[in-house]
């Protein structure tokens, strides 16, 4: 909400009969958000770490994926902070956020996003979510229909009609239960395009596979059962994706749940396309932000 200050225009007395000018009110812009790291409190009391950079509307809230953290968006912070308020978040159980939830319901991560947005009192928000962060962006939008004007998924939300074969999801999760580091290593390194800098692959592998196995397995198990169709249908705002061609994106199927759904498919990159090709990714994202900000 805009605040106002009283501006007193003191008149200059001219000769003997001068009089002060009338008092007028002039608008003052709200103070800029304090840049740098901060902590919000989730509904269950968990501390949620975030970082603010830049200024401008709409605010862009970046949400990482499973076992990742907010530093995965460093190239996007640098690119968008000159024009937008940029907020990066560590979801509960990740990065610098709290690790001591009694249980780890997947949808609590959506509430983590809400906690940050409400603390910062962001009024016009586009939530950008990578991988598991895509569904959590949808959850945040569902919970904040008066604040979120759009969702951008990053290599996520591929097919609301996809169904696992019987036992397939359970077997996948069981591998992480048996040997989290080995399964996570194979999983994380398999999702890059050929020719990617090995240092980037190792950085992602280390960040993901050093995470808490109990939290990771619990969240992954629930993620495999997430009802994407219901989540898409629950929001009426634009939902767009920037997806790699690693897995097929079923645009037509998703539009049966949310008619606004659209996607740009990027060739020659892997799952972490915002890190593998930040310049190309940022150009696409800039276009999507402009389209969401000026509908019609």
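Numbering (our numbering), first residue to last: 237 to 532.
Beta carbons are placed, not taken as given, at the ideal position from N, Cα and C, and that holds for glycine.
In this text the structure is predicted, and so the values were computed from the model without any measurement.
{"Query": "Inter-stretch contact at 8 Å, needing at least 3 Cβ pairs: the segment 383 to 395 / the segment 478 to 494", "Result": "yes"}
{"Query": "Distance between residue 281 and residue 419 (C-alpha atoms, nearest Å)", "Result": "31 Å"}
{"Query": "Per-residue burial, residue 450 [other beta carbons within 10 Å of its own, 16 or more giving buried]", "Result": "exposed"}
{"Query": "C-alpha distance - residue 377 paired with residue 313, whole-angstrom precision", "Result": "21 Å"}
{"Query": "Continuous alpha helix (DSSP H) stretch holding residue 333: start and end", "Result": "It is not in any alpha helix (DSSP H) - residue 333 carries neither H nor E in the DSSP assignment."}
{"Query": "Which residues DSSP lists as bridging residue 476, in chain order", "Result": "388, 498"}
{"Query": "Inside the segment 264 to 311 only - beta strand (DSSP E) runs reaching at least 3 residues", "Result": "272 to 277, 283 to 289, 295 to 299"}
{"Query": "Under 9 Å between C-beta atoms of residue 472 and residue 492", "Result": "no"}
{"Query": "Nearest residue (CA-CA) to residue 346, options 428, 467, 513", "Result": "467"}
{"Query": "The segment 335 to 342 contacting the segment 290 to 305, beta-carbon criterion three pairs below 8 Å", "Result": "no"}
{"Query": "Alpha helix (DSSP H) runs contained entirely in the segment 500 to 530, provided each spans 4 or more residues", "Result": "509 to 512, 514 to 529"}
{"Query": "Proximity to residue 372 [Cα-Cα], best of 351, 398, 356, 272", "Result": "351"}
{"Query": "Bounding residues of the beta strand (DSSP E) (the contiguous stretch that carries residue 361)", "Result": "361 to 366"}
{"Query": "Residues near residue 469 in its chain [Cβ-Cβ closer than 7 Å; skip 5 each side]", "Result": "493, 494"}
{"Query": "Reference residue 359, options 291, 287, 452, closest by Cα", "Result": "291"}
{"Query": "Proximity to residue 332 [Cα-Cα], best of 411, 315, 286", "Result": "286"}
{"Query": "Neighbour-count burial assignment, residue 403, 16 or more Cβ in a 10 Å radius", "Result": "exposed"}
{"Query": "Coil, strand or helix - residue 323 by DSSP", "Result": "strand"}
{"Query": "Cβ-based neighbour list, residue 444, same chain, cut-off 7 Å, excluding 5 preceding and 5 following", "Result": "303, 304, 420, 424"}
{"Query": "Short Cβ contact (9 Å threshold) for residue 278 with residue 322", "Result": "no"}
{"Query": "Nearest-angstrom Cα separation, counted from residue 446 out to residue 415", "Result": "12 Å"}
{"Query": "Option in 276, 375, 369, 370 with minimal Cα separation from residue 334", "Result": "276"}
{"Query": "Check whether residue 479 and residue 311 have beta carbons under 9 Å apart", "Result": "no"}
{"Query": "Residue 346 - containing alpha helix (DSSP H), residue span", "Result": "344 to 356"}
{"Query": "Option nearest residue 357 by Cα separation, candidates 455, 288, 441", "Result": "288"}
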